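In our numbering, the protein residues as written are 500 to 692.
So, in structure tokens, the structure goes:
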């Protein structure tokens with residue numbers, strides 16, 4: 500059991516067993532004796548939770564990120580099902596200077612993006628091919644966030660330039676970028692030289 504010192508333990512009290520002292524001072528001596536044990540128990544629970552999160556947190560993040568990518572990817576295989584389809588196609592058309600859909604049909608673009616997202620998702624969930632998956636995910640996230648640069652009027656067209664629903668959809672993807680960075684820290688561990 501931890502041997503923490505709490506302020507209550509250092510207080511010098513008259514006589515904890517004297518009911519007269521207890522009544523006259525209003526001090527609950529039983530509570531003072533229980534408080535350090537309660538804090539020790541809370542510390543033990545916090546330590547256990549911290550150890551569990553340190554051990555499984557990145558794995559949980561990797562799997563949940565994989566589920567998100569897989570889910571987004573599956574939706575893109577079905578025309579009109581993905582709520583982001585119009586935004587994706589407009590962004591791709593802008594980034595390719597109109598080559599899509601002029602040269603490459605939009606169905607091919609959506610299928611390619613769907614395959615990329617599903618591949619990333621499967622790799623992250625399975626924990627295999629993580630280096631390739633991290634590089635692909637970094638490119639995917641840059642593509643997801645590119646409307647912030649190429650379509651700002653569409654994303655911030657609300658009153659007083661507030662984000663539209665599409666803008667909020669893209670802005671929340673900053674979390675995906677942070678998740679990719681956290682997962683990437685565990686993919687290539689180098690020993691210190």
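Heads up, the beta-carbon is just placed ideally off N, CA and C, and yes, glycines get one too. Small disclaimer: the values here were computed from a predicted structure and weren't measured.
Can you tell which of the options has the C-alpha that lies nearest to the C-alpha of residue i?
i, options, result
"residue 566", "684, 678, 683", "678"
"residue 586", "651, 658, 673, 676", "651"
"residue 674", "644, 579, 660", "644"
"residue 568", "649, 659, 658, 638", "638"
"residue 672", "571, 537, 598", "571"
So for residue i, helix, strand or coil by DSSP?
i, result
"residue 646", "helix"
"residue 608", "helix"
"residue 563", "helix"
"residue 668", "helix"
"residue 555", "helix"
"residue 469", "The shown model of the chain, from 500 to 692, leaves out residue 469, and the question about it has no answer."
"residue 634", "helix"
"residue 550", "helix"
"residue 603", "coil"
So, is residue i buried or exposed, given that buried needs 16 or more other C-beta atoms within 10 angstroms?
i, result
"residue 684", "exposed"
"residue 636", "buried"
For residue i, which residues from the same chain have a beta carbon less than 6 Å from its beta carbon, with the 5 sequence-adjacent residues on both sides left out?
i, result
"residue 588", "605"
"residue 656", "663"
"residue 511", "Confidence at residue 511 is low in this model, with a pLDDT of 47, below 50, so the placement of that residue is unreliable and no value is reported for it."
"residue 632", "619, 622, 623"
"residue 642", "none"
"residue 608", "591, 599"
In chain order, what residues of the same chain have a beta carbon less than 7 Å from the beta carbon of residue i, not counting five sequence neighbours either side?
i, result
"residue 654", "646, 647, 662, 663, 665, 666, 669"
"residue 583", "668"
"residue 628", "622"
"residue 682", "557, 560, 561, 564, 633"
Quick one: residues in its chain with C-beta nearer than 8 Å to the C-beta of residue i, no 5 flanking neighbours on either side, listed in chain order?
i, result
"residue 687", "630"
"residue 676", "640, 644"
Q.
Counting beta carbon pairs with one atom in the region 545 to 562 and one in the region 621 to 637, are three or more of them shorter than 8 Å?
A. yes
Q) With contact counted as at least three CB pairs below 8 Å, one residue from each stretch, are the region 563 to 578 and the region 605 to 614 in contact? A) yes
Q: Answer yes if the region 544 to 561 comes into contact with the region 586 to 594, meaning at least three C-beta pairs across the two stretches below 8 Å, and no otherwise.
A: no
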